[in-house]
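**Student:** Structure provided below as structure tokens; questions to follow.
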Amino acid sequence: PKKLSDEDLIDILINYGLRPKDAEDFTQTIRRIRRLVKWYHSNGKDVKEHETRTFLIVPLLLALGWPEQKLKIEWNNIDITFFEKPYSKENKSSNKCIIILESKRLWEGLSYGASQASTYASKYPKCNRMIVSDGCCYKLFERKASTWNYSAYLNILKPKRKHPYEPNVAGAPDVFLSLMGR
2 PKKLSDEDLI
12 DILINYGLRP
22 KDAEDFTQTI
32 RRIRRLVKWY
42 HSNGKDVKEH
52 ETRTFLIVPL
62 LLALGWPEQK
72 LKIEWNNIDI
82 TFFEKPYSKE
92 NKSSNKCIII
102 LESKRLWEGL
112 SYGASQASTY
122 ASKYPKCNRM
132 IVSDGCCYKL
142 FERKASTWNY
152 SAYLNILKPK
162 RKHPYEPNVA
172 GAPDVFLSLM
182 GR
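And the structure:
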């Protein structure tokens with residue numbers, strides 16, 4: 002599959018409800034993340050997991066429209082928990098968690114993170130999506146009954162409509178739409 006241009010991505014996201022103004026912010030954020038990933042690749046070999054989460058993942062979530070009030074960092078051992086309503090002491094029950102994101106160090110590999118995230122997600126009945134990311138690559142898993150299926154893949158540097166090697170795995174648009182809560 003050929004690489005998606007930023008304009009293609011923006012058109013897809015706007016068609017699914019991203020505000021045009023937010024699309025501009027999203028474009029700037031993606032470009033900044035790409036520059037930072039490339040810089041880390043050439044200069045910053047010692048990138049910690051919390052740096053990945055802070056500088057690469059959370060800015061993307063905010064650019065996709067997630068308000069800080071619906072995200073909880075390091076909640077119950079989960080790196081990033083997405084809630085359907087703003088998190089509060091009254092709204093912190095496990096049935097309000099809708100997405101779990103397990104972050105890893107840049108280029109650490111995402112395979113181990115999937116089993117770790119599925120262990121966490123098993124405690125949250127409304128959580129039907131989990132994502133494992135190193136800030137550059139994102140793997141999306143969706144729950145079907147009690148099984149987690151690998152459904153989409155995103156490489157921020159080379160976004161594509163489909164996974165480049167696995168024909169049954171979707172690509173960047175599906176990951177972004179899931180990150181938007183769609």
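Take the sequence shown: its letters are residues 2 to 183, numbered as in the numbering used here.
A virtual CB, placed ideally from N, CA and C, is assigned to each residue, including glycine.
Grab the span of the alpha helix (DSSP H) containing R33 for me, first residue to last.
**Tutor:** P21 to N44
**Student:** Comparing C-alpha positions only, which one of I31, Y17 and L19 sits nearest to L158?
**Tutor:** I31
**Student:** Quick one: is the Cβ of C137 within less than 7 Å of any heavy atom of the ligand FMN?
**Tutor:** No copy of the ligand FMN appears in this structure; indeed no ligand is present at all.
**Student:** Would you kindly work out how many angstroms separate the C-alpha atoms of T82 and V170, rounded to a whole number?
**Tutor:** 24 Å
**Student:** So, with DSSP's three-state summary, where would you put R144?
**Tutor:** Three-state DSSP puts R144 in a strand.
**Student:** Check whether the Cβ atoms of V176 and Y154 lie closer than 8 Å to each other.
**Tutor:** yes
**Student:** Using three-state DSSP, classify V176 as helix, strand or coil.
**Tutor:** helix
**Student:** Would you call the CB atoms of L180 and L10 closer than 8 Å?
**Tutor:** no
**Student:** So if DSSP puts I100 in a beta bridge, which residue, or which two residues, is it bridged to?
**Tutor:** F83 and R130
**Student:** If you draw a straight line from the alpha carbon of K193 to that of G172, how long is it in whole angstroms?
**Tutor:** The chain is shown only over 2 to 183; residue 193 falls outside these bounds and no answer can be derived.
**Student:** For the beta strand (DSSP E) containing E75, list its first residue and its last residue.
**Tutor:** L72 to W76
**Student:** With a threshold of 8 Å, are at least 3 pairs of Cβ atoms found where one atom belongs to the region 13 to 20 and the other to the region 67 to 78?
**Tutor:** Judged by pairs of C-beta atoms under 8 Å, the region 13 to 20 does not touch the region 67 to 78, as fewer than three such pairs exist.
**Student:** With the cut-off set at 8 Å, would you say Y121 and I132 are in Cβ contact?
**Tutor:** no
**Student:** Determine the extent of the alpha helix (DSSP H) in which V59 is found, giving its start and end residues.
**Tutor:** Looking at the DSSP string, the run of the alpha helix (DSSP H) that includes V59 is V59 to A64.
**Student:** Taking just the CA atoms, how far does R54 sit from I101?
**Tutor:** 13 Å
**Student:** With a threshold of 7 Å on Cβ separation, who are the neighbours of L37 within its own chain once the five nearest residues in sequence on each side are excluded?
**Tutor:** For L37, where only same-chain residues beyond five positions count, the Cβ hits under 7 Å are F56 and L57.
**Student:** Whole angstroms are fine: how far does the CA of E8 sit from the CA of N78?
**Tutor:** 37 Å
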